[in-house]
Structures are given as C-alpha cells and as structure tokens.
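A quick write-up on the structure given underneath.
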Amino acid sequence: AVFGKKKRGKSTTMEKREQLGSRLGFIMISAGCAIGCGNVWKFPWMCGQNGGGGFMLIYLICLLILGLPVMTMEFSVGRAAQASPIHMYQKLEKPGCKWGIFGIASLIGNIALMAFYTVVCGWIIYYFVQFLRGKNGSLGFSAMISSPSVNVFFLLVTVAFFILSFNLQGGLERVTKYMMSALLVLMLALAVHSLFLKGSGEGMTFYLKPDFSKIDGSVIVGAMNQAFFTLSLGIGAMAIFGSYIGKDHALLGESMNIALLDTFVAITSGLIIFPACFTFNVDQTSGPSLIFITLPNIFNHIPLGRLWGSLFFIFMSFAAFSTILAVFENIISCGMELTGWSRKKSSLVNAIAIILLSLPCVLGYNVWSWDWLKVFGGAILDLEDFLVSNILLPLGSLVYLLFCVSKRGW
Numbered sequence: 305a306v307f308g309k310k311k312r313g314k315s316t317t318m319e320k321r322e323q324l325g326s327r328l329g330f331i332m333i334s335a336g337c338a339i340g341c342g343n344v345w346k347f348p349w350m351c352g353q354n355g356g357g358g359f360m361l362i363y364l365i366c367l368l369i370l371g372l373p374v375m376t377m378e379f380s381v382g383r384a385a386q387a388s389p390i391h392m393y394q395k396l397e398k399p400g401c402k403w404g405i406f407g408i409a410s411l412i413g414n415i416a417l418m419a420f421y422t423v424v425c426g427w428i429i430y431y432f433v434q435f436l437r438g439k440n441g442s443l444g445f446s447a448m449i450s451s452p453s454v455n456v457f458f459l460l461v462t463v464a465f466f467i468l469s470f471n472l473q474g475g476l477e478r479v480t481k482y483m484m485s486a487l488l489v490l491m492l493a494l495a496v497h498s499l500f501l502k503g504s505g506e507g508m509t510f511y512l513k514p515d516f517s518k519i520d521g522s523v524i525v526g527a528m529n530q531a532f533f534t535l536s537l538g539i540g541a542m543a544i545f546g547s548y549i550g551k552d553h554a555l556l557g558e559s560m561n562i563a564l565l566d567t568f569v570a571i572t573s574g575l576i577i578f579p580a581c582f583t584f585n586v587d588q589t590s591g592p593s594l595i596f597i598t599l600p601n602i603f604n605h606i607p608l609g610r611l612w613g614s615l616f617f618i619f620m621s622f623a624a625f626s627t628i629l630a631v632f633e634n635i636i637s638c639g640m641e642l643t644g645w646s647r648k649k650s651s652l653v654n655a656i657a658i659i660l661l662s663l664p665c666v667l668g669y670n671v672w673s674w675d676w677l678k679v680f681g682g683a684i685l686d687l688e689d690f691l692v693s694n695i696l697l698p699l700g701s702l703v704y705l706l707f708c709v710s711k712r713g714w
C-alpha cells in the first residue's frame, strides 16, 4: 500500500494502511500534494494570460462548485477502497462492470504529470542554487532553459530526491509540516512587501478587479482546468490520502480545509507577482516563465534579497517535492501491483522511465523547439500541460463523479 509498511505474507493491496500522526499532519501533507507548482508557478501565469480579475472570479467559482465535490468524491473512493489508483475502481465496482480500465487511465495521468512537473521542479532547485551561490544578480530564464545540460542535471537531482522516499509519519509528514508552514509565512511577508511597490495599485487592479469584457469561453475553460490542476484532482493523487482519513472525520470538511489552504497560497502568489510585474515592467502574459522573472526582481531590490530568495526557493522546492512524492508513490504502488515487483525494483524502473519521458520537455526549449508547438504555447511543456490540464484531469474528475453517483457505478 502507498506509504504503507509491508507485512510478511500479505498482499500489498490488503495491508492495513499506516496512519498519519495528527490531523494537522494529514491536512499539511494533503495540502502539500495540492500546493506546489500549480499555485505559485502556474496560477499567476494562467491568471496573467487570461485577463486577471475575471479569471480569478471564475476560478474561485470553479473551486467551489467543481473542485470541492470532486475532492470529496476522491477522498471517499480512497477511504473505501484502501488501495492504489490501479485497483480502487476494481475493489468498489459492481459485478460485471468495467470501471477498472480507469485505474489504468489514472496511472497514465500520473506519469504524464510527472513528465513535465519534474522539469519545473528542477528549475526551482536551479534558482535556489543560484541564489545560494550569490548568482541571483545575473539570473536569466531564457539562458537556463536554452541549456540542455543544465536542465538535464537538475532533472536528475529532482528524480534522485524522490527515489530516496521516507517513512511516512517519521519523515515526509514532519518535513512537510515545517516546510509548508515556513513557505506560507514567507509568502505572506513577500505579499505585504509587494503591496508597497510603486506599481502595486495598477497590479492589484489588474489582479482583483474583474473585466467582464475579457471573460469568454477560453477563460472559463482555463479557470476550470486550473481548479482541477491546483487540487491535483482526477488521477487518484488525492484519493490516496482519503485512505488516511478516519471514519470520525467528515470528508467534505477535510476537503474544505485543504481547498482553503490551497486557495490562500494561490491568491497570495498573485499578490506577490502582479504588483511586481507592473513595478519592474514584466509582461504579465509571459506564461510559464513569469515567476522566474518577477521573483528575482523582487529579491534583488530588497535588503538581504539573496537570503530571502534562497529561503523562498528551498521552501518552494519542498512544496513541489511533496506533490512529486505523492504522485511517484502512486506510480510505484501501481507498478508493484501490476508486476509483482519489489518496491526497490518498481522505484528504480519507474524513475528511469520518468527521466526518459521528461527529456522531451527538457529539450523542447532548445534542441526540439518546433514551430508546430506554437498552437499550444510554443514548447513541448505547453503540449504536455495541455494534455494533462485540459483532458486527463477534467475527464478523470468526471469519471469520479459518474462512478460515485451512477447506478452502474459504486
């Protein structure tokens, strides 16, 4: 079982699952899975490209009417099945039904997410190292992504980290609680600082005042997809944590706690980014590079900026790692159940597979930069993000809905 302790003579699908040490631990580690690159990296550039305040409004509505119900259903399936995504549907489906095929789809979704999420995590580690070395004054996002060797190296660093998986309660839970708490405090301090920048008024107007003339179908779809992406819904990533929720806790209540914390981080990241965009003349529609351009500008213009930049990117690295560890645990456990491999072998084989599958994303900004990708945004990362955010996550969330409420489902 994912994060479980193996008991001799019993199948991993039938093991009693290890419990988290506290309710705060559950909330922080589940929120840690949801909070990561989706909030601090993706939300600001999606908001910037889709008109600011109007996108924010639709995004909050989608979180309320779509994100919360789907997260509750994922938790429900996970708590009832007590199994990895590959077997969740099979354990709960009625005789003669074929919902188990969606377990395979969940595995594909987890792998597809890792194919570009690990690369973005590598970028964050690179920025941490550069700030630590005092190279923050000469950071260049374009120069970084144009170097295949730099990107491959930090991809390998990312993969090497999550191969060294911890014991759940003794390691991941404890580290995540402290790192997530530190990240939240630092982001609040940065948000307050951004409000005093000279471009804060213009930035806040763009960010929080809806321009209804800019709200169209693409903005609505983008906001819906971001709601699924930011909560890691539709591919079984959150269902795993449902298996750690005791029967004495309400699933909707736990979903609300996580969604509120997740939304707080996303909104705070916007409070940091958009005043800085209008202060330092950064194009708010610049896409995936947005935080990697605006944040160094902020840190380079404040006292002890090298220290604060180093702290921010190391905390952000752990937030991203918490998502990666949860998704990688899903992949490992699915591999073990499908093949009968040991945990060690499944970890090694899947790590190698993820490195190979991540190479197109790494090379998509340099060696494999093709014109036909411009329809998706310009790079292989944009294509992979489109497939995950626009297809796999929404359809996976729809499957959870139908599985939970239809007569032929659970």
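Using the numbering used here, the first residue of the sequence shown is number 305, and each one after it goes up by one.
Cβ coordinates follow ideal geometry from the N, Cα and C atoms, glycine included.
Contact between Leu-459 and Ser-593 fails: their C-beta atoms lie close to 18 Å from each other, not under 8 Å. Per DSSP, the continuous alpha helix (DSSP H) segment holding Asn-601 begins and ends at 594-603. Residue environment for Arg-712: exposed (fewer than 16 other C-beta atoms within 10 angstroms of its C-beta).
In this structure Asn-414 is not in contact with Asp-566, their Cβ atoms being roughly 19 Å apart against a cut-off of 8 Å. Of all alpha-carbon atoms in Asp-552, Tyr-482 and Arg-383, the one lying nearest the alpha-carbon of Phe-622 is that of Tyr-482. Burial state of Ala-541 is buried, judged by a 10 Å Cβ sphere holding 16 or more other Cβ atoms. Within the same chain, Cβ atoms closer than 8 Å to the Cβ of Gly-358 are found at Pro-514, Asp-515, Phe-516, Lys-518, Ile-519 and Val-523, the five residues on either side in sequence being excluded.
Assigned with DSSP and collapsed to three states, Gln-434 falls in helix.
The count of Cβ pairs closer than 8 Å, one atom from the segment 496-512 and one from the segment 343-357, reaches three, so the stretches are in contact.
DSSP, read as helix, strand or coil, puts Glu-397 in coil. The Cβ atoms of Ser-536 and Thr-627 sit closer than 8 Å to each other. For Phe-582, the enclosing alpha helix (DSSP H) covers residues 555-583. Excluding residues up to 5 positions away in sequence, Phe-603 lie with their Cβ nearer than 6 Å to the Cβ of Trp-612 in the same chain. Linking Leu-699 to Val-525 through their CA atoms gives a straight-line distance of about 13 Å.
Gly-371 counts as buried, since at least 16 other C-beta atoms from the protein chains shown sit within 10 angstroms of its C-beta. In this structure the segment 556-576 does not touch the segment 396-416; the number of beta carbon pairs closer than 8 Å is below three.
Setting aside the 5 residues that flank it on each side, Ser-693 is surrounded in the same chain by Asn-529 and Phe-533, each with a C-beta closer than 6 Å to its C-beta; the list follows chain order.
Taken through DSSP and simplified to helix, strand or coil, Ala-541 comes out as coil. DSSP, reduced to helix, strand and coil, places Ala-416 within a helical segment of the structure shown. Nearest to Ser-450 by alpha-carbon distance, out of Gly-407, Trp-427 and Gln-434, is Trp-427.
For Val-381, same chain residues with a beta-carbon under 6 Å away, outside a window of 5 residues either side, are Met-392 and Ala-543 in chain order.
In the structure shown, Gly-700 adopts helical secondary structure according to DSSP, grouped into three states.
For Ser-485, the number of other beta carbons within 10 angstroms of its own is below 16, and it is reported as exposed. Scanning Tyr-704, Pro-389, Pro-607 and Leu-575 for the CA closest to the CA of Gly-356 turns up Leu-575. CA-to-CA, the gap between Asn-440 and Leu-691 works out to about 34 Å. Under the 10 Å beta carbon count, Asp-587 is surrounded by fewer than 16 other beta carbons and is classified as exposed. Shortest Cα-Cα distance from Ile-369 to any of Leu-705, Trp-714 and Ser-710 involves Leu-705. Proximity to Thr-583 across Ala-570, Gly-591 and Ile-597 peaks at Ile-597, based on C-alpha coordinates. Take the alpha-carbon of Cys-708 and the one of Phe-379: they are about 11 Å apart.
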